[in-house]
Amino acid sequence: MSKAPSLQLDSATLADEYDRLGIRQFNHGLQLLDALDLRERERVLDIGCGTGRLTESAAQRVGAHGEVLGIATARRRRCRMRRRTRESR
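Adding 4 to a residue's 1-based position in the sequence shown gives its number in my numbering.
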């Protein structure tokens, strides 16, 4: 029987470095957002949102009347995502 994947790859250091280390992934995410052609008032579900950097970009595209929900399993990255969204309001 296979072992369930571990979510123990959550550390303060990795959370701090997540945005810097994931710049290439973020840039690909921006290309995806461009291809989706998000409009004001639309809704977005960002699964595996990490620190919420791309989630924030999606929120800017859908505007104040749109909705974006980010889901992250790593607690420290989730905390940074929440902080990021509070600061951008």
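Where is the CB? At the ideal position from N, CA and C, for every residue including glycine. Only a predicted model underlies this, so the values are computations on that prediction, with no experimental measurement involved.
Can you list, in chain order, the residues of its chain whose CB lies under 8 Å from that of residue i, leaving out five sequence neighbours each side?
i: Arg79; result: Asp14
Looking only at its own chain, which residues have a Cβ that is under 7 Å from the Cβ of residue i, when we skip the five neighbours before and after it?
i: Gly74; result: Asp50, Cys53, Gly56, Thr59, Met85
i: His69; result: Glu44, Arg45
In the DSSP output, which residue or residues are listed as bridge partners for residue i?
i: Gly67; result: For Gly67, which the question treats as bridged, DSSP gives no partner whatsoever.
Nearest-angstrom Cα distance between residue i and residue j?
i: Val66; j: Asp41; result: 10 Å
i: His32; j: Asp38; result: 10 Å
i: Arg28; j: Tyr22; result: 11 Å
i: Ala19; j: Glu44; result: 30 Å
i: Ala63; j: Glu91; result: 13 Å
i: Val48; j: Glu71; result: 6 Å
Length at least 3, wholly inside the region 26-84: the beta strand (DSSP E) runs in chain order: Segments of the beta strand (DSSP E) lying fully in the region 26-84: 47-51, 71-75.
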